[in-house]
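Only one structure is covered here, and it is reproduced in the block below.
Numbering (mature numbering (1 follows the signal peptide of the UniProt record, and there is no 0)), first residue to last: -22 to -1, 1 to 105.
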């Protein structure tokens, strides 16, 4: 975006500083040095435009490559930070929080099974 803005700024400044020949009509220069100066100025403007376009294209491609690689690194670092803070579970190692949840879930299942078995035993004894 910055490269596009600078490109437009460069073109705008070149257009603003260039003489307005379209409004005045074709001018006939008096001497050959004036012709050479104007030709050199036009060539310089064309070279500047080409260089600005090439720089913008190069900067755009480098920017997209850098942004993609930076996004990958940021995603990995963000995930690692979430694991460290305990907000996310690690894929490699079972976190203590997950182990605690599994243990309590298993204990709840055992209690429920024991309660059901106790009721069934009482029902058989009292018949």
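Backbone N, C-alpha and C fix where the C-beta goes; we use that ideal spot for every residue, glycine too. Every value quoted in this text rests on a predicted model; they were computed, and no experiment measured them.
For residue i, name the three-state secondary structure that DSSP assigns.
{"i": "residue 9", "result": "coil"}
{"i": "residue 72", "result": "coil"}
{"i": "residue 56", "result": "helix"}
{"i": "residue 64", "result": "coil"}
Looking at residue i: is its Cβ nearer than 7 Å to the Cβ of residue j?
{"i": "residue 34", "j": "residue -20", "result": "yes"}
Taking only the alpha-carbon atoms, compute the straight-line gap between residue i and residue j and give it to the nearest angstrom.
{"i": "residue 18", "j": "residue -17", "result": "24 Å"}
{"i": "residue 88", "j": "residue 81", "result": "11 Å"}
{"i": "residue -11", "j": "residue 23", "result": "12 Å"}
I'd like the list of long-range same chain contacts for residue i, defined as Cβ closer than 6 Å, with 5 residues on each side in sequence excluded.
{"i": "residue 37", "result": "-20"}
Going along the chain, which residues of its own chain have a beta-carbon closer than 8 Å to the beta-carbon of residue i, five neighbours each way excluded?
{"i": "residue 8", "result": "none"}
{"i": "residue 52", "result": "none"}
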